[in-house]
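S.K.: Quick one: structure below, then a few questions.
There are 2 protein chains.
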Amino acid sequence: MQPPFDPNGRWPLEGVKVLDLGQVYNGPYAGLLLAQAGADVVKVEPLDGEAIRSRGGGQTPLAHIMLNSGKRGLAIDLKSEDGRAIFMDLVAKADILLENFAPGAMDRLGIGSGVLLKHNPRLIYGSSSGYGVWGPDTHNLAMDLTIQAYSGIMSINGPEDGPPLKAGLAVVDFLGGIHLYGALMTALYERSQTGKGRVVEVAMQETALTALATSFTAMQLAGGKQPPRRGNNHPAGTGAPYNVYACNDGHVAIICVRDSHWAALAKASGNAEAAEDPRFKVGPDRARNEALVDEMIGAWTAGLSKFEVAAICKEKRVPAAPVRTMPEVAADRPLRERAALFDIHDAEVGDAVVPGSPLRFHGSPRPEWRPNPAIGQHTGEVLADWLDLPADIIGGLKAGGSIK
Amino acid sequence: MQPPFDPNGRWPLEGVKVLDLGQVYNGPYAGLLLAQAGADVVKVEPLDGEAIRSRGGGQTPLAHIMLNSGKRGLAIDLKSEDGRAIFMDLVAKADILLENFAPGAMDRLGIGSGVLLKHNPRLIYGSSSGYGVWGPDTHNLAMDLTIQAYSGIMSINGPEDGPPLKAGLAVVDFLGGIHLYGALMTALYERSQTGKGRVVEVAMQETALTALATSFTAMQLAGGKQPPRRGNNHPAGTGAPYNVYACNDGHVAIICVRDSHWAALAKASGNAEAAEDPRFKVGPDRARNEALVDEMIGAWTAGLSKFEVAAICKEKRVPAAPVRTMPEVAADRPLRERAALFDIHDAEVGDAVVPGSPLRFHGSPRPEWRPNPAIGQHTGEVLADWLDLPADIIGGLKAGGSIK
Numbered sequence: 000m001q002p003p004f005d006p007n008g009r010w011p012l013e014g015v016k017v018l019d020l021g022q023v024y025n026g027p028y029a030g031l032l033l034a035q036a037g038a039d040v041v042k043v044e045p046l047d048g049e050a051i052r053s054r055g056g057g058q059t060p061l062a063h064i065m066l067n068s069g070k071r072g073l074a075i076d077l078k079s080e081d082g083r084a085i086f087m088d089l090v091a092k093a094d095i096l097l098e099n100f101a102p103g104a105m106d107r108l109g110i111g112s113g114v115l116l117k118h119n120p121r122l123i124y125g126s127s128s129g130y131g132v133w134g135p136d137t138h139n140l141a142m143d144l145t146i147q148a149y150s151g152i153m154s155i156n157g158p159e160d161g162p163p164l165k166a167g168l169a170v171v172d173f174l175g176g177i178h179l180y181g182a183l184m185t186a187l188y189e190r191s192q193t194g195k196g197r198v199v200e201v202a203m204q205e206t207a208l209t210a211l212a213t214s215f216t217a218m219q220l221a222g223g224k225q226p227p228r229r230g231n232n233h234p235a236g237t238g239a240p241y242n243v244y245a246c247n248d249g250h251v252a253i254i255c256v257r258d259s260h261w262a263a264l265a266k267a268s269g270n271a272e273a274a275e276d277p278r279f280k281v282g283p284d285r286a287r288n289e290a291l292v293d294e295m296i297g298a299w300t301a302g303l304s305k306f307e308v309a310a311i312c313k314e315k316r317v318p319a320a321p322v323r324t325m326p327e328v329a330a331d332r333p334l335r336e337r338a339a340l341f342d343i344h345d346a347e348v349g350d351a352v353v354p355g356s357p358l359r360f361h362g363s364p365r366p367e368w369r370p371n372p373a374i375g376q377h378t379g380e381v382l383a384d385w386l387d388l389p390a391d392i393i394g395g396l397k398a399g400g401s402i403k
Numbered sequence: 000m001q002p003p004f005d006p007n008g009r010w011p012l013e014g015v016k017v018l019d020l021g022q023v024y025n026g027p028y029a030g031l032l033l034a035q036a037g038a039d040v041v042k043v044e045p046l047d048g049e050a051i052r053s054r055g056g057g058q059t060p061l062a063h064i065m066l067n068s069g070k071r072g073l074a075i076d077l078k079s080e081d082g083r084a085i086f087m088d089l090v091a092k093a094d095i096l097l098e099n100f101a102p103g104a105m106d107r108l109g110i111g112s113g114v115l116l117k118h119n120p121r122l123i124y125g126s127s128s129g130y131g132v133w134g135p136d137t138h139n140l141a142m143d144l145t146i147q148a149y150s151g152i153m154s155i156n157g158p159e160d161g162p163p164l165k166a167g168l169a170v171v172d173f174l175g176g177i178h179l180y181g182a183l184m185t186a187l188y189e190r191s192q193t194g195k196g197r198v199v200e201v202a203m204q205e206t207a208l209t210a211l212a213t214s215f216t217a218m219q220l221a222g223g224k225q226p227p228r229r230g231n232n233h234p235a236g237t238g239a240p241y242n243v244y245a246c247n248d249g250h251v252a253i254i255c256v257r258d259s260h261w262a263a264l265a266k267a268s269g270n271a272e273a274a275e276d277p278r279f280k281v282g283p284d285r286a287r288n289e290a291l292v293d294e295m296i297g298a299w300t301a302g303l304s305k306f307e308v309a310a311i312c313k314e315k316r317v318p319a320a321p322v323r324t325m326p327e328v329a330a331d332r333p334l335r336e337r338a339a340l341f342d343i344h345d346a347e348v349g350d351a352v353v354p355g356s357p358l359r360f361h362g363s364p365r366p367e368w369r370p371n372p373a374i375g376q377h378t379g380e381v382l383a384d385w386l387d388l389p390a391d392i393i394g395g396l397k398a399g400g401s402i403k
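In the order they appear, the protein sequences are chains B and C.
If you use numbering that gives the first Met the number 0, the first sequence corresponds to residues 0 to 403, in order.
If you use numbering that gives the first Met the number 0, the second sequence corresponds to residues 0 to 403, in order.
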C-alpha cells in the first residue's frame, strides 16, 4: 500500500477551536493530538510559562518541545481581572477546553467547569487528574510515579526477586492524555447531535486499571492473591516461550502464541525433536516447562546477533523482535516514512529526533513537524483572530500586565 | 463534589452502530469504550469465537469478560458467501467498524477497507496493528511483548544492573486500543461536518514512542546515546527524591517536584537541617546527590508502614503513595464510588473484580457492569434490529452454517 496521504486532503478537526491549559505531559499530549488532527489549539500559559519549561535546569526539555508542536502560544494572568475577562471571551468562542490541574484549581480562579459551561453551553470541558475531580481520593497528590505505585502497576513490574518497580516510561501520564483526547472527541461528536457541550473527565489511576487486565486475570486465577512479578516471562504464567533472550550483541524478545509457532521455532533453533516432545508440544505444557523452554531457546540465541535471530524468526513466522536501544529506534527509517518520527532543529535544543501523533487519517495531508510556541508568541494574533480585538486594545492589555 | 451522574441523562454515543471485529486486548478495548459510552457495539466473531476465548486453558480469561462487557455477540463465517453477504448488509448500516487483525487479513477475505468504504461511504473504518497497515515494517509479526522490544520500551525499563525488561502491564496493547478509540471518535465528529467516512489507523509501535517522551529527552541530553535503565529513579536523572522506599510492611513511592516539597519532606522525616543544606536545597543539586537523598529518606521510611508514610506525606503535601498490591487495589472503596471497579459474578469464572471504562461523562447515568456476550448470543436479535430480517431467513442462515 502506498502512503495514504493526500496533499489536498482535509484534516478532521479543521475549524475546531481549543484552549489547552495542559501542563507537563498529560494535558499537553491531548492538545498535541488535537493540533496534529487539524484543530486550532491555543496553549494558554501563565506569564512565566507552564511548569515543565523550567524543569530542564535552564534548557527547555525536549519533551516540552515535542508535546506542544503546532500549537499557538497565549500568555495570560488568570489571577488578574482583565486577564479573566479576556479568558471568558475566549471561552465563549472555544469548542474545547482542556486542563490537568489539581482538582479545585480552576474553581479557585473562579473559572471552574460550572461557570464556563454556563458562559458557553456548547463548550466541551475536559479534565484529567490523578484520582478524579470528585470522590474520596480527589485530593491525593498525583504524579506519574505515585499513581504507578497506587494503581498496582509497580506491584507486577520488575524481576521476580526484586522490589516493586516503576515502569520506565511515563505510562500513566500518557494513558491519561490519550483517554482525555478520546473523551473530548466523544463529547464533540455528541454535540454535533445535541448542540450541547458537557464536562468529561479522566482519572489517571483508572486508565492504569484497565491496562492491568492481565494482572486482574492472574489475580482471579490465584484466588484473589497477588500475582508474582514475572520479569520478562508471561505475567499470568500461561504461555512459553514468552521471554527476552540474550544474544551475542544484545537481546531479543520471542513469543509463541500458537503451537505452530513453537513447532517452527523448535526447528529453526536446531531443536526439531522438541516440536513433538509431549513436554512442549502444546501451550499449557510448555508453560509448565517454561524454564526448560527458556534454556533451550537461550542456548540458541546466545550464538547469534539480535537482528539475526529476529530475521530467522520473521522468515519462519514466529513473533519476535530485537530489543532496540533508543538510538536504534531514533535511527529507524520506516518510522520516518510513516511520519511517526521527525528530525527537527530547535533553536534552543539543537538537532533532535521526536515522535509525532500516532493517529493516522487516511486521505489527510502528510503530517509535518511544526515548532512549539514561545510563551505568549501568538497572544496578539489569537486575540485578533478569535475576538477581533484591535491592536491598540491588545497593546493596552499587554501594557497593563494581564497578558504577554 | 457529588457524583456527577444523572439517571435520566443521555449517553454520548446513543444511536451509534459499531461492528467490533477486535480480538484479544487492543481492538476489544476500543469496543469496550464505545459500548460504555452508549454505542450499540456488536462483537463479530468467527463461529468458534475469537482467539482469546481459548487461551485460559479451558476457562474464559477474565480479561475477555472485562473487555467485552455490554457488547452484543454475533457469530458469522466470513469465509462463506452467505456470511459475507450478511456482513456487507451490516456494514451498510454501521457507523463504525474496527479491527486489529494482521495487515492484509481483511483484504484476503474480500472485505478490506477500500471495498467497505465504497459500499458505505459514511463508514468509519478503524484499524490497529503493530507497525501500521502500510510501510516497510507492515508485515512484522506484532504482539505486546515484541513491540515493547522493538519500540525501545524494554531498553529503558528495569534495574540499572539488569537486562532490558518488559513493562509488567500490556501497555502497548492498551495504548493501541485507546488511540484507536480516539481516532474513531475524531473521524465520527468529522463525518458530522462532512457527511463522509474514512479510514483511520493506529500502529501500536507509534503509540509507544510518544509515551517515551522522557527517554527521547534523556537521549537528547546525552548527545544521542542510550539513556541508562534507572530502576525506580528518575529516568532522566533530573529529579530527587524520585524513588520507591522500603517500609516495614512494603514500599512507598515519594517524589519531590518542587523545592518546597523537599523542605516539607526533610522536616517530616526528621532531617530539618537538610531542608537548607546547599547539597539538597534546590532540585539540580538534589539530583546530583540522589544517593544521599535516597539513603536519608529510606532510613526514615524503614521504621514505618507504607500507609503511615503516605499519610504523613499527604498531610505535609508531599507527593507520595503506598505501593499497593493488586488485592489492595481490588478492595479499593473510592474506586467503587467512582464506578471504576465492579464486583461481578460470572457464571463461568465466578466472583471477580474488574475495572470499567475510565471515561466519565458528567450528566450521563452511572456506569454499570453489563455481561459479555457468549459466541453468537445476539446474532438473531442484531440481524432483526439492524436489517429487519425475519425469523425464517435467520433460521435458514443458521441451518446453512454461515452464522451461529
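All C-beta atoms in this analysis are idealised placements derived from N, C-alpha and C, irrespective of residue type, glycine included.
Predicted model, so just to flag it, every value in this text is computed and none were measured.
1. What does residue 133 (chain C) touch in chain B if you count any residue whose Cβ is under 8 Å from its own?
2. When you compare the stretch 95-110 of chain B with the stretch 170-185 of chain B, are there three or more beta-carbon pairs, one atom per stretch, that lie closer than 8 Å?
3. Among the residues of its own chain, which have a CB less than 7 Å from the CB of residue 404 (chain C), if the five just before and after it don't count?
4. Report the three-state DSSP secondary structure of residue 441 (chain C) (helix, strand or coil).
5. Where does residue 276 (chain C) sit, in a helix, a strand or coil, going by DSSP?
6. For residue 122 (chain B), which of helix, strand or coil comes out of DSSP?
7. Starting from residue 86 (chain B), follow its DSSP beta bridges and name the residues at the other end.
8. Examine chain C for any beta-carbon lying closer than 9 Å to the beta-carbon of residue 100 (chain B), and answer yes or no.
9. Using 9 Å as the threshold, is the C-beta distance between residue 404 (chain C) and residue 238 (chain C) below it?
10. Residue 127 (chain C) by DSSP, collapsed to three states: which one?
11. Kindly indicate if chain C contains any beta-carbon less than 9 Å away from that of residue 318 (chain B).
12. Entirely within the stretch 323-391 of chain B and at least 4 residues each: give me those alpha helix (DSSP H) ranges in chain order.
13. So, are the CB atoms of residue 26 (chain B) and residue 32 (chain B) less than 9 Å apart?
14. Indicate the three-state DSSP secondary structure (helix, strand or coil) for residue 394 (chain C) in the structure shown.
15. Locate the alpha helix (DSSP H) running through residue 74 (chain C), then write down its first and last residues.
16. In the structure shown, what three-state DSSP assignment does residue 114 (chain B) receive?
17. How would you call residue 107 (chain C), buried or exposed, if buried means at least 16 neighbouring beta carbons within 10 angstroms?
18. With a 10 Å radius around its C-beta and 16 neighbouring C-beta atoms as the bar for buried, classify residue 367 (chain B) as buried or exposed.
19. Let me make sure I understand the geometry here. Which of C:359, C:147, C:323 and C:285 has the alpha-carbon closest to that of residue 206 (chain B)?
20. Any residues in the stretch 91-122 of chain C with a beta carbon nearer than 7 Å to a beta carbon of chain B? Which ones, in chain order?
21. Which bits of chain C does residue 362 (chain B) rub up against, with CB to CB less than 8 Å?
22. Threshold first: 4 residues or longer. Then list the alpha helix (DSSP H) segments lying entirely within the stretch 147-217 of chain C, N to C.
23. Give every residue of the same chain whose Cβ lies closer than 8 Å to the Cβ of residue 144 (chain B), excluding the five residues on either side of it in the sequence, and list them in chain order.
24. Based on the DSSP secondary-structure assignment, which residues constitute the bridge partners of residue 91 (chain C)?
25. With a Cβ-Cβ cutoff of 9 Å, do residue 200 (chain B) and residue 269 (chain B) count as a contact?
26. By the DSSP assignment, the beta strand (DSSP E) with residue 18 (chain B) in it spans what residues?
27. Which residue's Cα is closest to the Cα of residue 337 (chain B): C:95, C:327 and C:129?
28. Tell me, to the nearest whole angstrom, how far the beta carbon of residue 252 (chain B) is from that of residue 202 (chain C); I am working on the premise that it is less than 8 Å.
29. Could you have a look at residue 62 (chain B) and say whether DSSP puts it in helix, strand or coil?
30. Assuming contact is defined by CB atoms lying nearer than 9 Å, are residue 217 (chain C) and residue 235 (chain C) in contact in what I supplied?
31. Going along the chain, which residues of its own chain have a beta-carbon closer than 6 Å to the beta-carbon of residue 6 (chain C), five neighbours each way excluded?
32. Does any residue of chain B have a CB that is nearer than 9 Å to the CB of residue 157 (chain C)?
33. With DSSP as the reference, label residue 80 (chain C) as helix, strand or coil.
34. Use the C-beta contact count for residue 294 (chain B): other C-beta atoms within 10 angstroms, 16 or more gives buried, fewer gives exposed.
35. Beta carbon of residue 233 (chain B): closer than 8 Å to some heavy atom of the ligand HEM?
36. State the Cα-Cα distance for the pair residue 110 (chain B) and residue 81 (chain B), rounded to the nearest angstrom.
M.R.: On the basis of the supplied data:
1. 0, 1, 2, 3 and 337
2. yes
3. The structure shown does not extend to residue 404 (chain C), since chain C is modelled only from 0 through 403, so no value can be given for it.
4. This structure cannot speak to residue 441 (chain C), because chain C is shown only from 0 to 403.
5. If DSSP states are grouped into helix, strand and coil, residue 276 (chain C) belongs with coil.
6. coil
7. According to DSSP, residue 86 (chain B) bridges with nothing at all.
8. no
9. Because chain C here runs from 0 to 403, residue 404 (chain C) falls outside it and cannot be looked at.
10. When secondary structure is reduced to three states using DSSP, residue 127 (chain C) falls in the strand class.
11. yes
12. 325-329, 332-336 and 378-386
13. no
14. Residue 394 (chain C): helix per DSSP, three-state reduction.
15. Segment 71-74 is the beta strand (DSSP E) holding residue 74 (chain C); no alpha helix (DSSP H) there.
16. helix
17. exposed
18. Result: exposed.
19. C:359
20. Of all residues in the stretch 91-122 of chain C, none has a C-beta nearer than 7 Å to a C-beta of chain B.
21. 197 and 198
22. 152-155, 170-193 and 203-210
23. 165
24. Answer is none; residue 91 (chain C) lacks a bridge partner.
25. no
26. 16-19
27. C:129
28. Actually they do not touch by this definition, with Cβ atoms about 18 Å apart.
29. helix
30. yes
31. 364
32. yes
33. helix
34. exposed
35. Among the ligands in the structure shown, none appear at all, so the ligand HEM cannot be discussed.
36. Looking at the two C-alpha atoms, the distance is approximately 14 Å.
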